[in-house]
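Sequential numbering from 1054 applies to the sequence shown in our numbering.
The beta-carbon is built from N, C-alpha and C at its ideal position, and this holds for glycine as well.
First the structure, in the form of structure tokens, and then the observations on it.
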Amino acid sequence: MSTPLASLADAVSCVSDYDPDALPVADARRVIGALARPVEGVETLAVRDALGRVLAEELVSPINVPQHDNSAMDGWALLGAGLNPDAETVLTEIGTALAGGAFAGTVGKGECVRIMTGAVIPRGTDTVVPQESVQAQGKRIVFPAGQKPGQHRRLAGEDLAQGKPALAAGTWLRPAELGLVASLGIAQLAVRRRPKVAFFSTGNELRPVGQPLGNGEVYDSNRYTLWGMLERLGCEAIDMGVVRDEPALIEAAFRGAAARADAVITTGGVSVGEADYTKAMMARLGEVAFWTLAMRPGRPMAFGRVSDGEKSALLFGLPGNPVAVMVTFYFFVRGALLAMAGRKDDELPLLRARAASAMKKKPGRTEYLRGILANQGGEWRVRLTGPQGSGILSSMAQANCFVVLRHEQGNVAAGDLVDVLLMDGLV
Ligand code: AMP
Ligand code: MG
């Protein structure tokens, strides 16, 4: 189903000074990146259904776009070489060229043709003079000096050239790509199938929504944030519910997930010293590394793969705390799932913004703070949402960006520039 994975041990051995008890974010990302491979399987979809999917094969343009040289302006078409370079030129209009209504004849010496944007450039002409700069007296048209031969002409194939690659394999299909494909007259596309991702929450304290809470219980919110992130990423999300901390149930859940998914995401049960069975079961069913990451929030995390018989799936054992789940998903799982989807563009741009207030930071770990980026007097400034505890999910709801404080970075003073990652872009 999916391509055989490199071994976890091999991936780990590529990281110098590998220390699972204080693993820098960059090293963890490298290990994960080494194991995430594109899933196999291609589907043919109508163009609109391919929105958000990943192109499976290079798309070669079957035609020139545009098909013909055409006008970029409303005006008159003429032969540039026939213009007086330093004085006005008078020509006779002999017809009209419209978009979808070409001028049939050939334009001779002393002649020009009225032309509209998108109309095919008539035979015998190569230049368009926009109507704003022209004086028309009936069919007698006066062109001022200073026109450049060849101006305001769109060349055949200047957008997409016949026989040349129009889109690379692995391209994420956004609205622009759908339109581009349609401009080639193509109605169907070969796309990769979506990665299947099974996920479940672990913890005896968890209640599904819609039921009353007992003493010491909390509603399971992680399956909602996870579902949302997976859907937005274009994965096929398989919700396996809440699994209680009981070995038989956890084992069944892992086997079921490995059997039907390309990746498995769990939350909870990976903390140090926790009386959970999750870690033991992961270790038993697969090849799994347990990491204490040099980051905040989201220190404990498991990564590797779990198997059911011949079938294996990548495993991400995320922490239980709701903010830690989102942070570890965005900064570790997301890139892996995009690689599995066949995309190569998982790097998001970090912007620089001024810190509105001081931020405490210890060197030696990466911190992902929840921020609000706003323009103040023409400058982008970022302030924190408030308390930054890993259980405070409202901080994620208020934020429009992460403030990313790098591994080696120390305290931030008000007014310092910090790295910022926007949470949303154009939809
Ligand atoms: P754990 O990693 O299992 O020790 O969980 C750490 C914290 O996250 C505990 O306070 C849990 O109650 C909380 N937590 C774990 N899973 C969930 C969940 N699915 N939804 C909301 N909170 C959770
Ligand atoms: Mg737990």
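Can you tell me whether R1106 is helix, strand or coil according to DSSP?
coil
Straight-line Cα distance separating T1170 from L1098:
34 angstroms
With hydrogens ignored, establish whether the beta-carbon of S1069 is closer than 7 angstroms to any heavy atom of the ligand AMP.
no
Can you list the alpha helix (DSSP H) stretches of 4 or more residues lying completely in the stretch 1136-1197, in chain order?
none
For R1246 versus G1094, is the C-beta spacing smaller than 8 angstroms?
yes
Measuring only from the beta carbon, is T1001 closer than 7 angstroms to any heavy atom that is part of the ligand MG?
Residue 1001 is absent from the structure shown; the chain starts at 1054 and stops at 1480.
Just to check, is the beta-carbon of G1468 closer than 7 angstroms to a non-hydrogen atom of the ligand MG?
no
Check whether the Cβ of P1372 lies closer than 7 angstroms to any heavy atom of the ligand AMP, and answer yes or no.
yes
Cβ atoms of V1325 and M1354: under 8 angstroms apart, would you say?
no
Does DSSP put D1472 in a helix, a strand or coil?
In the structure shown, D1472 adopts extended strand secondary structure according to DSSP, grouped into three states.
Sort A1347, M1335, G1351, L1391 by Cα distance to S1365 and report the nearest one.
M1335
Going by DSSP in three states, M1054 sits in which element: helix, strand or coil?
Bear in mind that a pLDDT of 42 at M1054, under 50, signals an unreliable position, so the model cannot answer this.
What's the call for S1410, buried or exposed, on a 16-neighbour Cβ count within 10 Å?
exposed
From what residue to what residue does the beta strand (DSSP E) around R1423 run?
1419-1429
The stretch 1302-1321 contacting the stretch 1369-1388, beta-carbon criterion three pairs below 8 angstroms:
For the pair of segments examined, the stretch 1302-1321 was found to touch the stretch 1369-1388: the number of CB pairs separated by less than 8 angstroms reaches three.
By Cβ distance, which residues of its chain are closer than 7 angstroms to G1177, with the 5 residues on each side in sequence left out?
L1132, T1159, V1160, G1161
Less than 8 angstroms separating the beta-carbons of L1446 and K1414?
no
From A1251, N1268, A1081, residue whose alpha carbon lies closest to that of A1306
A1251
Spatial neighbours of G1203 within its chain, please: CB distance less than 7 angstroms, with the 5 preceding and 5 following residues excluded, ordered by chain position.
Shown here for G1203: same chain residues with a beta carbon closer than 7 angstroms to its own, the five before and five after excluded, namely G1133, D1179, T1180 in chain order.
Mapping the DSSP letters down to three states, classify L1279 as helix, strand or coil.
helix
Ordered along the chain, which non-local residues of its own chain (more than five positions away) have a Cβ less than 7 angstroms from that of A1209?
N1117, P1119, Q1120, H1121, D1122
Roughly how many angstroms lie between the CA atoms of V1435 and V1244, to the nearest whole one?
39 angstroms
Taking Cβ to Cβ, would you say V1032 is nearer than 8 angstroms to G1351?
Past the edges of the chain, shown from 1054 to 1480, lies residue 1032, and the structure says nothing about it.
Does the beta-carbon of T1319, which I'm using as the reference point, lie nearer than 7 angstroms to any heavy atom of the ligand SAH?
Ligands in the displayed structure: the ligand AMP and the ligand MG; the ligand SAH is not one of them.
Could you check whether the Cβ of G1322 sits closer than 7 angstroms to any heavy atom belonging to the ligand MG?
yes
P1228 (DSSP reduced to helix, strand or coil):
helix
Straight-line Cα distance separating I1291 from L1226
Taken atom to atom, the span from the alpha-carbon of L1226 to that of I1291 is near 23 angstroms.
Beta carbon of A1155, beta carbon of V1173: below 8 angstroms?
yes
Exposed or buried, which one is N1464 when buried takes at least 16 other CB atoms within 10 Å?
exposed
Are there three or more Cβ pairs, one per stretch, closer than 8 angstroms when the stretch 1255-1268 is compared with the stretch 1226-1235?
They do not touch, by the three-pair rule.
Run through DSSP, which three-state label would K1364 get?
strand
Name the two residues that bound the continuous beta strand (DSSP E) containing L1401.
Where L1401 is concerned, there is no enclosing beta strand (DSSP E), given that its DSSP letter is neither H nor E.
What's the call for G1281, buried or exposed, on a 16-neighbour Cβ count within 10 Å?
exposed
Close Cβ partners of G1105 (< 7 angstroms) along its chain, the five nearest in sequence each way excluded
L1226, G1287
Does the beta-carbon of D1273, which I'm using as the reference point, lie nearer than 7 angstroms to any heavy atom of the ligand MG?
no
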